[in-house]
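Read the structure below first, then the notes.
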Amino acid sequence: REGLVGCGASFADVAQHKPDTSSKDLLRELAALHRCDLALAISDEERILLVETYGLPSDKLICASIGYDKPPQVLTELRGFSDRKHAMFIGNWRHKPNRDCAQWLAMCIWPKVRRMLPAVELHIYGSSPTPEDMALTDDSIGVRVCGFCKDIAATMQSHRLLVAPLRYGAGVKGKLTDSMRHGLVSVTTLVGAEGLGGADSFPGIVVGGKQVLVKADTDKEHQDDVEVNAQSKVASECSEEADADMFATATVDIYEDESLWSSIQARGHAFVSERCDAAVTGRSLWDTLMDRWMNLPESRRTDFTGQMLWQSALRSTEWMAKGLALKEEIRRLRLEQTKLQSLPEGADSLVTHVDVVGAEKES
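The sequence shown begins at 3 in our numbering and counts up by one.
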């Protein structure tokens, strides 16, 4: 995905990409998964991908997504539209998808937003920024790099939008579930929405899909449409510049639409309350682990692919150990030969030389 972004691929093209057998990383990871008794998938979407696209047995996978120990605040206790302002992004700068996202957001997207919303600022939070990252601060377009966020809850509850134009990456994005917990509406991409319902049911604005869900009509007679369309707004284009334009336009639209914003806030709160309960996930995980543990011998007897790969891996390790032992023996013999070279020529030196040559041939 990172390579596709470097070639200027669109949001949709990057999200739809699936590596094939030419990817050594994919083959290594699939082999590791086959050797496991059980693997945890971070989302149901990734579990389905591994089973349906890459042929992993479904009984080797369990979905264990992000979970929170405490439920979110009651929706009515969260700040509403008029009590919030500005937009934010958060992510550790050491993570390459976060750095790419923050740089592209600050340099390419936010200037477009600023032209339409001249009083709105972008605040970028995250630990480990470099001097180059800090230099993205630009008062003329309202961009401020704030560094480490000391209080995520307070920060998220003061902002109106989380903008996360992630162009590559994988898994479930904790910044998006955090934002739902704190009543913060998100604008993201297909990659950002992965594992959280995707473009179809993500409770936020998704830029880069195949269809366009028009801006919800806020008239009384169209409230049913508001409920449907508030789930997401998606559009499609095929260039980096067009993607930046789409993202900026989507950001401006939701920033100014109180009715749609409030509807999405409620949907996000319900989503994280229902799907991110650590207690529920923990019980399911525990039950699955105990069942697998109690039936482990039988499970392994019928896991032909996994056991075959274990056999291959163990034999490879065995032969590697033998090779290392031979190299160590050659090193020892060469040291002996070096010591004997200082002696008068004789049989000992000749025999040692022959031993070294023999060991090298055996290796």
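The C-beta atom is built at its ideal place from N, Cα and C for all residues, glycine as well.
query: Helix or strand or just coil, what does DSSP make of threonine 190?
result: strand
field: Own chain partners of glycine 82 with C-beta closer than 6 Å, once the 5 adjacent residues on each side are dropped
entry: none
task: Would you give the residue range spanned by the beta strand (DSSP E) that arginine 146 belongs to?
output: 145-149
- prompt: Are the stretch 109-117 and the stretch 132-150 in contact at 8 Å, needing three or more beta carbon pairs?
  reply: yes
field: Proximity of serine 84 and serine 67 at Cβ, strictly below 8 Å
entry: no
Sheet register partners of leucine 124 (DSSP bridge): Ala89, Val145
query: Which runs of the alpha helix (DSSP H), 4 residues or longer, sit entirely within the stretch 58-117?
result: 98-106
task: Taking the CB atoms as reference points, tell me whether phenylalanine 204 and isoleucine 111 lie closer together than 8 Å.
output: no
query: According to the neighbour-count rule (16 or more other Cβ atoms, all chains shown, within 10 Å of its Cβ), is methionine 158 buried or exposed?
result: buried
task: Using the Cα positions of glycine 69 and proline 299, report the straight-line distance between them to the nearest angstrom.
output: 31 Å
message: Quick check on the DSSP output: the beta strand (DSSP E) that includes leucine 198 runs from which residue to which?
response: Leucine 198 -> no beta strand (DSSP E), and no H or E assigned at all.
- request: Just the C-alpha distance for isoleucine 256 and alanine 121, rounded to the nearest angstrom, thanks.
  value: 15 Å
message: If the criterion is Cβ atoms closer than 8 Å, does the pair alanine 89 and leucine 124 meet it?
response: yes
task: Report the rounded CA-to-CA distance for aspartate 227 versus histidine 184, giving the unit in angstroms.
output: In this prediction, aspartate 227 scores a pLDDT of 43, lower than 50, which makes its location untrustworthy; the coordinate-derived value is nonetheless stated afterwards. Aspartate 227 and histidine 184: Cα-Cα distance of roughly 25 Å.
- prompt: In the DSSP assignment, what residue or residues form a beta bridge with valine 16?
  reply: According to DSSP, valine 16 bridges with nothing at all.
- request: Round the Cβ separation of lysine 62 and leucine 35 to the nearest angstrom and send it over; I've been treating them as touching at under 8 Å.
  value: 7 Å
message: Please report the straight-line C-alpha distance between threonine 64 and glycine 8, rounded to a whole angstrom.
response: Reading off the sequence shown, one finds isoleucine at residue 64, where the question assumed threonine. Cα to Cα, the separation comes out at about 33 Å.
- request: Return helix, strand or coil for arginine 303, following the three-state DSSP convention.
  value: helix
query: Name the DSSP bridge partner or partners of leucine 163?
result: Ala89, Val187
Collapsed DSSP secondary structure at glycine 10 in the structure displayed: coil
query: What span of residues does the beta strand (DSSP E) with isoleucine 368 cover, start to end?
result: Since the displayed the chain opens at 3 and closes at 365, residue 368 lies outside it and no answer follows.
message: So for aspartate 279, helix, strand or coil by DSSP?
response: strand
query: Does DSSP classify aspartate 140 as helix, strand or coil?
result: strand
message: Using the three-state DSSP reduction, which class does valine 53 fall into: helix, strand or coil?
response: helix
message: Whole angstroms are fine: how far does the CA of arginine 317 sit from the CA of aspartate 305?
response: 18 Å
task: State the DSSP-derived secondary structure class of valine 274, mapped to helix, strand or coil.
output: helix
field: Bridge-paired residues (DSSP) for isoleucine 207
entry: Val189
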